[in-house]
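Taking it in order: structure first as structure tokens, then the write-up.
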Amino acid sequence: MTVRIRSATVADRDVVQSVYETAFPAEERGAVTGVALALLDAPATTGAVSLVAELDGEVVGHVAFSPVSLPGDPSWRGYILAPLAVRADRQKAGIGSRLVETGVQRLTDLGADTVFVYGDPGYYGRFGFDAGHAADLVPPHALEYPFGWQAMPVGGVGSERRAGQIVCVDALRDPALW
Ligand SMILES: CC(C)(COP(=O)(O)OP(=O)(O)OC[C@H]1O[C@@H](n2cnc3c(N)ncnc32)[C@H](O)[C@@H]1OP(=O)(O)O)[C@@H](O)C(=O)NCCC(=O)NCCS
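Residue -12 is where the sequence shown starts when you use the numbering used here, and the numbers rise one by one after that.
Shown next, in the form of structure tokens:
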């Protein structure tokens, strides 16, 4: 079994949609798939990084990262990981981890300071995401599950010492996502 992580393109649209349909429950899948496709469609205007995981040539996973900013601090570069999914029948084989780790490395190479995620600490903690790093960086919307707000500094010494409310791309502005 060979897993390959590569940049996603609009040609992956249908298969990415099908991955989310298997991975998320019906009540969540519409909003989450909408974000994945919006970021996939407009990498140039959003600055998003979208990756897919291929297992023996077949797309079975997807992750997107989009830029976030801090008003008044234009030199700071943040990203948020959202969304992430692995096809239901291919979970627990390390594919989600490969997507997260490859994406974080790519953002580090792009000069990111901090990567955020809003999700289960039981999963994201293994990569170095931590609520403490996000404590002074307020999410764009009130959170239904505040414990899920985490960050990971990736840009070297001091990159986590910022405070303020971050601004996200339009695709993530639906309060229902938070
Ligand atoms: C979360 C998800 C992307 C992980 O993908 P994956 O390929 O199965 O991940 P990996 O194989 O790298 O890691 C699997 C491990 O994570 C654990 N895990 C998965 N979801 C978890 C969660 N919500 N909380 C804690 N642990 C979790 C698994 O139990 C497994 O543990 P193990 O290594 O001890 O066996 C996948 O389960 C998925 O698509 N889930 C539905 C969609 C979703 O929840 N997306 C994230 C939204 S923030």
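Glycine residues also receive a C-beta, built at the ideal position from the N, C-alpha and C atoms.
With C-beta atoms as the reference, is A118 less than 8 angstroms away from P127? Within the sequence shown, numbered from 1, the residue matching residue 118 stands at position 131. Within the sequence shown, numbered from 1, the residue matching residue 127 stands at position 140. No. Outside cutoff.
Quick one: using the 10 Å Cβ neighbour count with 16 as the cut-off for buried, is G83 buried or exposed? Here residue 83 refers to the residue found at position 96 when the sequence shown is read from its first residue. It counts as buried.
Please determine whether the Cβ atom of L156 lies at a distance below 7 angstroms from any heavy atom of ligand 1. As a first step, residue 156 must be located in the sequence shown, where it is residue number 169. As written in the sequence, residue 156 is Val, which differs from the Leu given in the question. No.
Taking the beta carbon of D(-1) as the centre, do at least 16 other beta carbons fall within 10 Å, making it buried, or is it exposed? Counting from one through the sequence shown, the residue named residue -1 turns up at place 12. Counting the other CB atoms within 10 Å of its CB gives D(-1) a total of 16 or more, which places it among the buried residues.
Residues sharing a beta bridge with Y105, DSSP: On the sequence shown, residue 105 is found 118 positions in, with the first residue counted as 1. DSSP lists W136 as partners of Y105.
Looking at the unbroken alpha helix (DSSP H) that takes in A10, where does it start and where does it end? The count along the sequence shown starts at 1 and reaches residue 10 at position 23. 0 to 10 is the span of the alpha helix (DSSP H), which, as asked, contains A10.
Same chain, Cβ closer than 8 angstroms to L94, neighbours up to 5 away in sequence not counted: By 1-based counting over the sequence shown, the position of residue 94 is 107. Contacts found: V36, F52, Y66, V102, V141.
Closer than 5 angstroms between the C-beta and any heavy atom of ligand 1: which residues qualify, listed along the chain? My final list is A10, L71, A72, V73, Q78, K79, G81, I82, G83, S84, G106, D107, G109, Y110.
Given this structure, state the Cα-to-Cα distance separating A122 from A150, to the nearest angstrom. Within the sequence shown, residue 122 is the residue found at index 135, counting from 1. Within the sequence shown, residue 150 is the residue found at index 163, counting from 1. Looking at the two C-alpha atoms, the distance is approximately 8 angstroms.
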